[in-house]
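S.K.:
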Amino acid sequence: MSAAMNGPALETRGLCKSFGALTVADQIDFRLERGARQALIGPNGAGKTTFVELVTGGLPPSAGHILIDDVDVTDLPQAARVKRGLARTFQINALFRRLTTLENVTLAVAERDGVAGDLLRPAGRHNRVIEEAFALLETLGLAEDALRPVNALAYGRQRLVEIAVALGLSPKVLLLDEPAAGVPSGESGLIVAVIERLPADIAVLIIEHDMDLVFRFARRITVLVQGHILVEGPPEAIAADPQVRQVYLGERPHGRETR
Amino acid sequence: MATEGLVRPRLAAGPPPAQQAIDAFAGRHRYRLLEALPWAAAVAAYFLFPSYLPLGAQILATILFALSADLVLGYAGIVTLGHAAFFGTGAYTAGILAANGWGEPISGLFAGAAIAALIGFVSGCIVLRTTGLTLLMQTLVVATLLYEAANKASWITGGDDGLQGMEVWPIFGQFRFDMFGRTGYLYCLIVLFLCWYLARRIVHSPFGRSLTGIRENVRRMHAIGAPVRRRRLIIYTISAALAGTAGALIAQTTGFVGLSFLNLERSGGVLIMLIIGGVGRLYGAFIGVPLYMIAQNRFSEIEPVYWYFWIGLLMVLVVVFARGGILGLVERLRR
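Chains as they are written, first to last, in my numbering: chain A, 96 to 354; chain B, 548 to 882.
(1) Is it buried or exposed for A/ARG254, if we count other Cβ within 10 angstroms and need 16 for buried?
(2) Helix, strand or coil for A/PHE114? Go by DSSP, reduced to three states.
(3) Report the three-state DSSP secondary structure of A/GLY109 (helix, strand or coil).
(4) I need the boundaries of the beta strand (DSSP E) containing A/ILE302, first residue and last residue.
(5) For B/PRO556, which three-state DSSP category applies?
(6) 7 Å is my cut-off, CB to CB: does B/HIS769 come that close to chain A?
(7) Please report the Cβ distance between B/PHE803 and B/GLY709, rounded to the nearest whole angstrom; I am assuming they are in contact, meaning their Cβ atoms lie under 8 Å.
(8) What's the C-alpha gap between B/ARG828 and B/GLY621?
(9) How is A/THR353 classed by DSSP in three states: helix, strand or coil?
(10) In chain order, what residues of the same chain lie with their CB nearer than 7 Å to the CB of B/GLY875, ignoring the 5 residues before and after it?
(11) List the residues of chain A that B/ILE569 touches, going by C-beta distances under 7 Å, in chain order.
(12) Using the beta-carbon of each residue, which ones in chain A are nearer than 8 Å to B/ALA565?
(13) Could you compute how far the alpha carbon of A/ALA247 sits from the alpha carbon of B/PHE572?
(14) So with CB distances below 8 Å, who are the chain A contacts of B/GLY871?
(15) For B/ILE737, tell me which candidate among B/VAL877, B/ALA608, B/ALA773 has the shortest Cα-Cα distance.
(16) Give the single residue among A/LEU197, A/GLU303, A/ALA313, A/ILE333 whose Cα lies nearest to the Cα of A/LEU232.
(17) Look up A/ALA211 in the DSSP assignment and say whether it is helix, strand or coil.
(18) Which residues bound the alpha helix (DSSP H) around A/VAL326?
(19) What is the DSSP secondary structure of B/HIS576, reduced to helix, strand or coil?
(20) Looking only at C-alpha atoms, which of A/GLN133, A/CYS111, A/ASP336, A/GLY209 sits nearest to A/LEU149?
(21) What does A/LEU264 reach in chain B if we use C-beta pairs closer than 8 Å?
(22) My guess is that A/LEU269 and B/SER757 are in contact by the Cβ rule of under 8 Å, so how many angstroms apart are they, rounded?
(23) Please determine, among A/ASN139, A/ILE297, A/ARG292, A/GLU128, the residue with the shortest C-alpha to C-alpha distance to A/LEU235.
(24) Count the CB pairs spanning the stretch 792 to 812 of chain B and the stretch 632 to 639 of chain B that are closer than 8 Å, and state whether there are at least three.
(25) For B/TRP743, is the classification buried or exposed, using 16 other Cβ atoms within 10 angstroms of its Cβ as the cut-off for buried?
(26) Under 8 Å by Cβ, that's how I've got B/VAL817 and B/ALA616 pegged, so tell me the actual separation to the nearest angstrom.
(27) Kindly give me the distance between the Cβ atoms of A/GLU257 and A/PHE146, rounded to whole angstroms, as I take these residues to be in contact under 8 Å.
(28) Please work out which residues of its chain come closer than 6 Å, Cβ to Cβ, to B/ALA549, disregarding the five sequence neighbours upstream and downstream, and give them in chain order.
(29) So which residues on chain A does B/ILE749 lean against when the C-beta distance must stay under 9 Å?
(30) To the nearest angstrom, how far is the alpha carbon of B/GLY872 from that of B/ILE718?
(31) Output needed in chain order: residues of the stretch 646 to 672 of chain B with a Cβ under 7 Å from some Cβ in chain C.
(32) From the DSSP output, in three-state form, read off B/ALA700 for me.
(33) Any idea if B/GLN799 is buried or exposed, counting beta-carbon neighbours within 10 angstroms, 16 or more meaning buried?
(34) To the nearest angstrom, how far is it from the Cα of A/LEU271 to the Cα of A/GLN133?
(35) Can you look up B/VAL863 in the DSSP assignment and give me helix, strand or coil?
(36) Could you work out which residue in B/PHE846, B/ALA664, B/ILE643 is closest to B/GLY655 when comparing CA atoms only?
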């Protein structure tokens, strides 16, 4: 199905999720335009990670629709959504820890390329896959770590591998779940630099607590509170919004992490 | 876990580092001289220990059984306590054919592999929906069901007494299974070699690497769009076929199949042998199985009653001092 050129890269309509009486996603109408640089913020427990799980297919929604490129993917499994260009990173590293950095990215590239099901030809002969993975590591400054197991890398660099694996899927939509989480402040500049240099044609949604990073990166901000969208707009408007200041920005009432 | 340790980057002189890194990574599937060692040892054993060839044939077939378990446990991370189900299925298939007028060994082997693969596929469709302890129990259940089925169907399996009257024809009509076990030994060696070659190709293929990914982080494999359930089912079926081949080999070379081919001791024993050798390393089976079976043979002569004690002690030592088995220990010493 061909997509309308101007439709959003990712959209949700009336997205709901409840666990019994607890509603964690409440009628979320969300749009992420092509090539967007958008942030999703909200206090702890606002439902940000649940939203990511719903969009990627880790959790089934109670109601509502999810569209990638104007195609309804609500009933499609996770793998099929990835094939349509949706990639994510994890708040807590989800890497193949004992494998090398290069292999981590190679696995992703091989899946996207459709060669990962090949049973007999050695992986080492799929030169295109390996070279692409290596080139990706070079652009992220990870080339020297290519042959080191991921668990031997400094945490900040592991966070970069986390992004590299997602980029190996050549996504159209990239969801970054707290990319700088747990990174010592000395190393977080590395991550910011990489995020700012992401290819312009990828629509990026960043879920982040670090307000400096959010306001530096995002051209639009969506504020999620108790499972529903409180307000959405450009950074200046969000910073000035009295509601937002009250629930989130002004004082630090919700046990927000300070690093 | 294991194979990863074999990549030793040498980034000194020569072509640009990028190309070196790519070459080192891409060259992992190339054969190393050390890999010839088990085969050289097996051929040497044929000449050195002519009176132990029947035991040798059993060791070779059991290596294949352990290798099949390594594919699911070591590579895909599927924990199973029911692998004897496929081993026994292969053995009974080949045995029942040979006891009922079809003693042609090669086709018997293929039949054993095929029926075992079928059981693996069907049971895998059900049990692989779960993971961890639930999966472990379900694999145990499958093996127990087959055990009881074989026990009940005594008109065809011989039940408790075992299958009697197998008659295995000469291989290709030429090579008779002799009383010294020479043919049996070489037969097992060749079949093991072919199956090892297949397993090695699978392990180094993109499919095999993705299995390692599933073992290391299944959540991430889902997130990069891998059809995790299908991949697990495919390797489970292949592994079942190899286990069935191993069972058929033992049935044909010993001329006997009994209920013990399907019991928990068989499933657990192969895991113990594999763990002693080293899991997820392709060669753990080649070390753990001979060690275990030769020790079993020796101990049971010296101390017929208590030999299990010594096996138990060996197991404790491996778990305490050699995590990753003997191969794991060797890898650590080499670093």
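Virtual Cβ for every residue (Gly too), placed ideally from N, Cα, C.
M.R.: The short version:
(1) Under this definition A/ARG254 is a buried residue.
(2) strand
(3) strand
(4) 298 to 302
(5) Its pLDDT being 48, under 50, B/PRO556 is placed unreliably in this model, and the coordinates cannot settle the point.
(6) At least one chain A Cβ lies under 7 Å of B/HIS769.
(7) 6 Å
(8) 7 Å
(9) Note that A/THR353 scores a pLDDT of 44, beneath 50, so its modelled location is shaky; the value from the coordinates is reported in the next line. Reduced to three states, the DSSP call for A/THR353 is coil.
(10) GLY825, ALA869
(11) Neighbours of B/ILE569 in chain A, taken as residues at a C-beta separation under 7 Å, are given in chain order as ILE225, GLU226, PHE229.
(12) Within 8 Å Cβ-Cβ: PHE229, GLU233, ALA238.
(13) 17 Å
(14) Neighbours of B/GLY871 on chain A: none; closest Cβ ~11 Å, over 8 Å.
(15) B/ALA608
(16) A/LEU197
(17) coil
(18) Segment 323 to 328 is the beta strand (DSSP E) holding A/VAL326; no alpha helix (DSSP H) there.
(19) helix
(20) A/CYS111
(21) ILE771, GLY772
(22) That pair is no contact at about 22 Å.
(23) A/ARG292
(24) yes
(25) Buried, by the Cβ-count rule.
(26) Contact flag correct, Cβ pair sits at about 5 Å.
(27) Contact doesn't hold; Cβ gap of about 19 Å is too wide.
(28) Low local confidence applies: a pLDDT of 42 at B/ALA549 is under 50, so the model's placement there is unreliable, with the coordinate-based value given in what follows. If we look at B/ALA549 and ignore the five residues flanking it on each side, its Cβ neighbours are GLY827, ARG828.
(29) Within 9 Å of the CB of B/ILE749, the CB atoms of chain A belong to LEU214, LEU215, in sequence order along the chain.
(30) If I take the Cα positions, the gap works out to 37 Å.
(31) Included in the structure are the protein chains A and B, with no chain C among them.
(32) Coil at B/ALA700, not helix or strand.
(33) buried
(34) Approximately 10 Å, taken between the alpha carbons.
(35) helix
(36) Nearest C-alpha to B/GLY655: B/ILE643.
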